[in-house]
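In what follows, a single structure is set out as structure tokens and then discussed.
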Amino acid sequence: MALDRRLVYHFDWTLFMMTLGLAGVGLLSVLSASWGGPKHVLDPLVVRQLVWIGVGTALMAAAAFFDYRALATYAYPLYAMTVGLLAAVMVAGHVTGGSRRWLNLGVLRLEPSELAKLAVVLVMVRYLREEPPRGGWSFRQMIIPAVLLGVPMALVLKQPDLGTGIILALAAATLIFASGLNGRVLLIAMLAGALAAPAGWHYLKPYQKQRLVSFINPESDPLGAGYHIIQSEIAIGAGGAWGKGFLKGTQARLNFLPEQTTDFIFAVFAEEFGFAGSILLMALYAGVIARGIWIARHARDRFGQLLAVGLTAIVFWQVAINVGMASGVLPVVGIPLPLVSYGGSSLIAMMAAMGVMISINTRRYLF
Amino acid sequence: MARWRYYSSSKQSRAIPRIEPRLAILSTLIALVLSVVTVRLYYLQIIRHKEFVELADRNRIRIHRQPALRGLVFDTHHRPLVDTKPSFDAVMVPEDVRNIKQTVARLEGLLGQDNVTAKLNQAEDEGRPPFDPVTVEEHLGWQQVVSLETHQLQLPGISLEVMPQRHYIYGPLAAHLLGYVGEVAEGDLRHANEYRMGDEIGKFGLERVFESQLRGQAGGQEIEVDSVGRRLKLLREIPEIPGQSVVLSLDLDLQQAAEKAMGTWSGALVAIDPNTGYILAMVSHPAFDPNIFANGITSVQWRGLTTDPAHPLANRAIAGTYPPGSTFKLIDAIAALEDHTLTPATTYFCPGGLYYGNREYHCWRKQGHGTLSVHRAIVGSCDVFFYQVGIHLGIDRLAQWARLLGLGEKSGIDLDNERPGVMPSSLWKQKRFHQRWYPAETLSVAIGQGYVAATPLQMAMVAAEIANGGTRYKPQFVKEEEALDGSVVRKFPPIVERRIRLDPVVLDIVRSGMCDVVNGEGGTGHAAHLDNITVCGKTGTSQVVKEAGNARIAEDKEPMKYRDHGWFVAYAPSDHPHIAIAAVVEHGGHGGSSAGPVVHDVLQKFFELYPPPGSKPAAPGAGTPQAAPNPAPQSQPEGSVAARGD
């Protein structure tokens, strides 16, 4: 079957280019964060990121031309597969930095929690694509989505990966809200959440509690848990209006930044490109998010609408929490900056998600 | 607003919710969150930018200080007294050690120490990275250095670090004058920001007073480091400026002779050039070895020094105040003769004591001196004669002259802790005790007892003033400061503090009296006699305790701590004096037999080193006190009845 010409004609170049732009920013930042002098330009990290961008771009293109509606069919199998992978991580996962997060697949390491973000969105959308009853979803109708969210979330939190857990919950909540939750149930849920927060404190790991404490007062332990926040703020602040220039950030180059290729990559970028660069990067994200909402508004079916909302929610919440954390307005949780942070699983998953968005946008003309 | 009503209105709440209005709410929320983040970035990157730039620099730049080489100290002939020698520390780089346990065990065996593990653990607790060297033992002994060197191959990761260490070449020689250095205290750090923790600072004596000249200026390197402190790049280097050296007026040979002459006695000696005020030798015993401070004094050593009842840390030459005893009679004579209450012809009769008020004041010579004039009174150190002088002169005029000659005031020598001593007067007593002066107290003062107290430096300066005709120089022990290349940076020329107008007739009488003390018949100071040089001097004995009734215990049976202090002041040669000297020997008994021989040895050495023109060299064998004439009066105890407090 020949490719429908309209698919090419209506291809969403805006989102495609913004996605590649973000991936480019990521590549520059990874290059800078791993910079070892002009003789080591091609750090293995940079090479791998470049390869992943290539793979991700191909996957994004493929997803763009793939009819997203078929995803509804694969939603539950994909979900089951992801939960299986998460369970496999529990059993045979690779431990780094105290967390069991990776599956070693010989050549590459897979981080199933990145896939879980997409899988949870997909399965929620699959469930919520039915039109809600009058007055919106009732509490009882939300039990199944809660379970669908709860299983992978419990596995992710067990790793432990609080960041991904939070993103899963926030993405699911966004979808439930957008798809028409009953107003009263929403209020009660918010109240219950506020009341449950102190109880949740009890279930946090000591290091997670420490992070919260040091977020409120970073100077309480400047070399310990507060170190990450302080060093990241220093890097961002030292960037100033125009930045120190590419490869000239001392905070990253001298390894004062923690997790500088992944969770704190925003600080690397902000130090070298300053407020101007940061604003540009935030504008790029705002563009992607706005485009996502726009696609959700204009999608032809409810499934496409909600899928666009869910995928946009993943981008938005990750950006908000990651940048908020790096700039010290939120406590430290391990969340990558979408499309920018080093890491194959996250990058490829996010690029694929962008491809799905393009697919939704393109196909509104086809049926 | 219509969207909002959609939610709040109960009528429409039964409708099927649509996605679009909820997307609008989400969009608002998203815009809000992104705005907050942007404002935060503006705050960090624009408003607080400067502050963070500074923090980033402080992160990455370490300053490695290179303390300057401390200036040396030379004697008057440019012979080094204090220098800096290498000190070896054993240093371990944990990263380079393959088998920590084995290496530590071997190292502890070689060093004879068992605290290496503790030091490594401490370094680890401080969070020091494994490539950061840990000093496991400081100031290694020569044996330890050799054994570490020879076992170098079995000890990978262990190395010797050379640190400059202050070295007092002659150990305790002139320790109180040279002083010592130590690690800078936290209190000092607060005042002077050019010091850092661990720096060396002069703590006492010359090292302290001339700290700023000796110290120089520390240099350093600005080094870029990464987050774990690994050195990456040298950003800037500031060369250190070595400290200036100091040339003293002290003569090493003379100082050594003085230390030796003082022997095991406690006491002090000051030798001074009467023509310049330069200190030629200064001894205070017991002394200490300043090297133990440079080695990093242990608390046991420190406690030992500070709690020693003999006070080895006190510089007795300037801070030991002793009743000057009969040496004070020189001041009596000058004061009374200048005041014309005494003339060369005045005579008094000494029957061995004097009734004053309603008690008897003894002369040290029980059988009395008979009728005598001021010359014989000085030679024989007659107490009764000077009781009379004191009575006729009165305390206040006596005090006036004594102060003019330098008693009761600090000499102004560039050393800390100098004490002024006491020269009492009626005003002084009124202020101090709110009591009037009793004339009987003048009798005690007239023989250098009672309230009067002087330092050996003060008495040496009185001798110098008599020798040079009344010029009071500021006592100095530094002649020059010089740079590392030997060029003179600053000279310390003699400083005249004041010229005391002394009548040449008066000077003649006092000087000839002093000459006969040493050389004349019946003189009390024959112990200081030199064969080829005319020495002029005066003995003194200062009482430690009040006499118990009239029953004196035979001196050699008295317990040591109750024995009197012996004084001797002198200058020589008589015609053109080049040295003035004062010595006090604690619990040495009478001055003629204790301090006399000490002064004799120092003078003998001095004229060996600087023979006056035209003099024949000293006869061999004349260098010992035993060889000096030992006249009869010396065996007589010189003493007095002090009316202290009466």
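Line by line, the protein sequences give chains A and B.
Okay, so the first sequence: first residue is 31 according to the working numbering, each after it adds one.
Okay, so the second sequence: first residue is 771 according to the working numbering, each after it adds one.
Every residue gets a Cβ at the ideal spot worked out from N, C-alpha and C, and that includes glycine.
The structure presented is a predicted model; accordingly, all values stated were derived computationally and were not measured.
Cutting at 7 Å between CB atoms, please list the residues of its own chain near TRP347(A), excluding the five before and the five after it. Once the five neighbours on either side are set aside, the close Cβ partners of TRP347(A) are ILE197, LEU200, ALA201.
Assuming LYS1308(B) contacts GLY1290(B) (C-beta within less than 8 Å), just tell me the rounded distance between them. Rounded to the nearest angstrom, the Cβ distance from LYS1308(B) to GLY1290(B) is 12 Å, too far for a contact under 8 Å.
Minimum C-alpha distance to THR1046(B) - residue among GLU1252(B), ASN829(B), PRO1245(B): The shortest C-alpha separation from THR1046(B) is found at PRO1245(B).
Measure the alpha-carbon distance for ALA92(A) versus GLY385(A) and round it to whole angstroms. 7 Å
Taking SER209(A) as the query, report the chain B residues whose CB atoms sit under 9 Å from its CB, ordered along the chain. The contact set of SER209(A) on chain B, defined by CB atoms closer than 9 Å, consists of PRO787, ILE789, ARG792 in chain order.
Simplified DSSP state of ASN1187(B), which is helix, strand or coil: In the three-state reduction of the DSSP assignment, ASN1187(B) falls in the coil class.
Would you say GLU896(B) lies against chain A (beta-carbon separation less than 8 Å)? no
What are the residues of the segment 307-330 of chain A that lie near chain B, defined by any Cβ-Cβ distance shorter than 9 Å? SER308, ILE309, MET312, TYR315, ALA316, ILE319, ALA320, ILE323, ALA326, ARG327
Anticipated Cβ contact below 8 Å, PHE294(A) with VAL353(A), distance rounded: No, PHE294(A) and VAL353(A) are not in contact; Cβ-Cβ is about 11 Å, not under 8 Å.
Should ARG784(B) be flagged as near chain A, meaning a C-beta pair shorter than 8 Å? yes
CB-CB under 7 Å to ALA1389(B), same chain, minus the five flanking residues each way: which ones, in chain order? Confidence at ALA1389(B) is low in this model, with a pLDDT of 45, below 50, so the placement of that residue should be treated as unreliable; the coordinate-derived value is given next. Cβ neighbours of ALA1389(B) beyond the five flanking positions: ASP1301.
MET337(A) and VAL150(A): beta carbons closer than 8 Å? Correcting the residue type first, residue 337(A) is Leu in the shown sequence and not Met. Going by C-beta atoms, LEU337(A) is not nearer than 8 Å to VAL150(A).
Three-state secondary structure (DSSP) of ARG1173(B): helix
Does the beta-carbon of LYS1099(B) have 16 or more other beta-carbons within 10 angstroms, so that it is buried, or is it exposed? So LYS1099(B) ends up on the buried side.
Less than 8 Å between the C-beta atoms of HIS1370(B) and ASP1043(B), yes or no? no
Counting Cβ pairs, one atom from each stretch, are 3 or more of them under 8 Å apart for the segment 168-186 of chain A and the segment 201-221 of chain A? yes
Check whether the Cβ atoms of VAL1192(B) and ALA1233(B) lie closer than 8 Å to each other. no
Listed in chain order, which residues of the segment 266-287 of chain A have Cβ atoms closer than 7 Å to some Cβ of chain B? ILE266, GLY267, ALA268, GLY269, GLY270, ALA271, THR280, GLN281, LEU284, ASN285, PHE286
Per DSSP, ASP853(B) forms a beta bridge with which residues? HIS937(B)
So is GLN892(B) in contact with chain A if we call contact Cβ pairs under 8 Å? GLN892(B) does not count as touching chain A.
Taking the C-alpha atoms as reference points, what is the distance between GLY373(A) and VAL71(A)? The alpha-carbon atoms of GLY373(A) and VAL71(A) are separated by roughly 18 Å.
Could you tell me how far apart the beta carbons of LEU185(A) and VAL153(A) are, in whole angstroms, since I believe they sit closer than 8 Å? That belief does not hold up - the Cβ atoms of LEU185(A) and VAL153(A) are roughly 14 Å apart, past 8 Å.
In whole angstroms, give me the CA-to-CA distance for ALA1028(B) and VAL1354(B). Whole-angstrom Cα-Cα distance: 12 Å.
Can you tell me whether ILE390(A) is buried or exposed? The criterion is at least 16 other CB atoms within 10 Å of its CB, across all chains shown. buried
What separation, rounded to the nearest whole angstrom, lies between the Cα atoms of TYR1380(B) and ALA1342(B)? 12 Å
Consult DSSP for GLN1219(B) and reduce its assignment to one of helix, strand or coil. The answer is coil: DSSP assigns GLN1219(B) none of H, G, I, E or B.
Using a Cβ-Cβ cut-off of 7 Å (strictly less than) and excluding sequence neighbours within five positions of ARG978(B), which residues of its own chain qualify? GLY949, GLY972, ASP1186
I'd like to know whether the C-beta atoms of GLY927(B) and ASP866(B) end up nearer to each other than 8 Å. Yes; because the gap between Cβ atoms is below 8 Å, this pair is in contact.
Quick one: is SER62(A) buried, meaning 16 or more other Cβ sit within 10 Å of its Cβ, or exposed? buried
Name the residue from GLY989(B), VAL1275(B), PRO1263(B), ALA1216(B) whose alpha carbon lies nearest to the alpha carbon of SER1019(B). PRO1263(B)
How long is the line joining the alpha carbons of ASP1417(B) and ASN1065(B), rounded to whole angstroms? Residue 1417(B) is absent from the structure shown; chain B starts at 771 and stops at 1416.
Any C-beta of chain B within less than 7 Å: which residues of the segment 348-359 of chain A qualify? ALA350, VAL353, GLY354, SER357, VAL359
Kindly identify the DSSP beta-bridge partner or partners of SER1015(B). GLU1252(B)
Give the secondary structure of CYS1285(B) by DSSP, where H, G and I count as helix, E and B as strand, and everything else as coil. helix
Interface residues of chain A around GLU821(B) at Cβ under 8 Å? For GLU821(B), the neighbours in chain A by C-beta distance under 8 Å run, in chain order, GLY267.
Sequence-distant residues of its chain with Cβ nearer than 8 Å to ALA379(A) (five each side left out): GLU144, LEU145, LYS147, LEU148
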